[in-house]
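S.K.: Submitted below is the structure of interest, expressed as structure tokens.
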Amino acid sequence: MFAIYASPRLAERKILWNNLKTVAHLHNLPSLMLGDFNEILCGEDKFGGNHVNLNRALEFKNCLDECNMLDLGFVGPKFTWTNRRPISNLILERIDQCFTNPVWRMLFPKALVTHLPMTFSDHCPILIELCRANVNQQNKPFRFQTMWLFHQDFPTVVQQAWSEDRDL
Numbered sequence: 020m021f022a023i024y025a026s027p028r029l030a031e032r033k034i035l036w037n038n039l040k041t042v043a044h045l046h047n048l049p050s051l052m053l054g055d056f057n058e059i060l061c062g063e064d065k066f067g068g069n070h071v072n073l074n075r076a077l078e079f080k081n082c083l084d085e086c087n088m089l090d091l092g093f094v095g096p097k098f099t100w101t102n103r104r105p106i107s108n109l110i111l112e113r114i115d116q117c118f119t120n121p122v123w124r125m126l127f128p129k130a131l132v133t134h135l136p137m138t139f140s141d142h143c144p145i146l147i148e149l150c151r152a153n154v155n156q157q158n159k160p161f162r163f164q165t166m167w168l169f170h171q172d173f174p175t176v177v178q179q180a181w182s183e184d185r186d187l
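Below, the structure is given as structure tokens:
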């Protein structure tokens, strides 16, 4: 797992892109990259401010391609960062992302990335669940109703339930 914080300075991000490519070429282990990349991949990842710099976006995309990384996608709010300005000067971007290589994806096919709501930070928290909780409708918690005690079949139902062979 690579926890990423890419510098806001382009020259330093380029160094990071080169380092990520070097590491990716050294192995074929399951890999996950998660964090603040301080770069967007396309115009859909941005609202407001200057136009997307296509050369920078292409360099980022080429890095991910060379590292054989796949975008895990997400659920929740589209944008992960805001400049917190009034609407006339508001900028929103999806710069916090999660990428994996195919080897990792095969190990965790049900992984889910969720953008949680922004609170105090200018970034929204990102949650990655490696497997989704299995909600089994058959295993609901038992609830007892006092009125059952007065039903004529109550003793029989209890006797049958206790005599069944059930896994706990």
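Numbering-wise, my numbering comes out as the position in the sequence shown, counting from 1, plus 19.
By construction, the Cβ of each residue, glycine as well, lies at the ideal position given by its N, Cα and C atoms.
Note that this is a predicted model, so its numbers are computed, not measured.
Provide the residue(s) that pair with residue 141 in DSSP beta bridges, ordered along the chain.
M.R.: In DSSP, residue 141 forms no bridge with anything.
S.K.: If we count the other Cβ atoms within 10 Å of its Cβ and call it buried at 16 or more, is residue 120 buried or exposed?
M.R.: A residue is called buried when at least 16 other Cβ atoms come within 10 angstroms of its Cβ; residue 120 meets this threshold and is buried.
S.K.: Could you give the distance in angstroms between the alpha-carbon of residue 64 and the alpha-carbon of residue 100?
M.R.: 10 Å
S.K.: In the DSSP assignment, the alpha helix (DSSP H) including residue 25 goes from what residue to what residue?
M.R.: Careful: residue 25 lies outside any alpha helix (DSSP H) and carries neither H nor E.
S.K.: Got a sec? Which residues, its chain only, sit under 6 Å from residue 32 by beta carbon, not counting five neighbours each side?
M.R.: Excluding sequence neighbours, residue 32 sits near 25 and 26.
S.K.: Since residue 55 sits in a beta bridge, which residues does DSSP pair it with?
M.R.: 24 and 115
S.K.: Considering Cα atoms alone, identify which of 66, 73, 30 and 82 is closest to residue 52.
M.R.: Of the candidates 66, 73, 30 and 82, the one whose C-alpha sits nearest the C-alpha of residue 52 is 82.
S.K.: For the alpha helix (DSSP H) that residue 91 lies in, which residues bound it at each end?
M.R.: Looking at the DSSP string, residue 91 is not in any alpha helix (DSSP H), and its letter there is neither H nor E.
S.K.: Please report the distance separating the alpha-carbon of residue 128 from that of residue 78.
M.R.: Straight-line Cα distance between these residues: approximately 28 Å.
S.K.: Hey, how far is the Cα of residue 40 from the Cα of residue 85?
M.R.: 6 Å
S.K.: Around the C-beta of residue 117, are 16 or more other C-beta atoms found within 10 angstroms, so that it is buried, or is it exposed?
M.R.: buried
S.K.: According to DSSP, simplified to helix, strand and coil, what is residue 101?
M.R.: strand
S.K.: By DSSP, does residue 71 sit in helix, in strand, or in coil?
M.R.: coil
S.K.: Can you tell me whether residue 103 is buried or exposed? The criterion is at least 16 other CB atoms within 10 Å of its CB, across all chains shown.
M.R.: exposed
S.K.: Hey, how far is the Cα of residue 141 from the Cα of residue 71?
M.R.: Computed Cα separation, rounded: 20 Å.
S.K.: Any idea if residue 22 is buried or exposed, counting beta-carbon neighbours within 10 angstroms, 16 or more meaning buried?
M.R.: exposed
S.K.: Over what stretch of residues does the alpha helix (DSSP H) that includes residue 45 continue unbroken?
M.R.: 29 to 45
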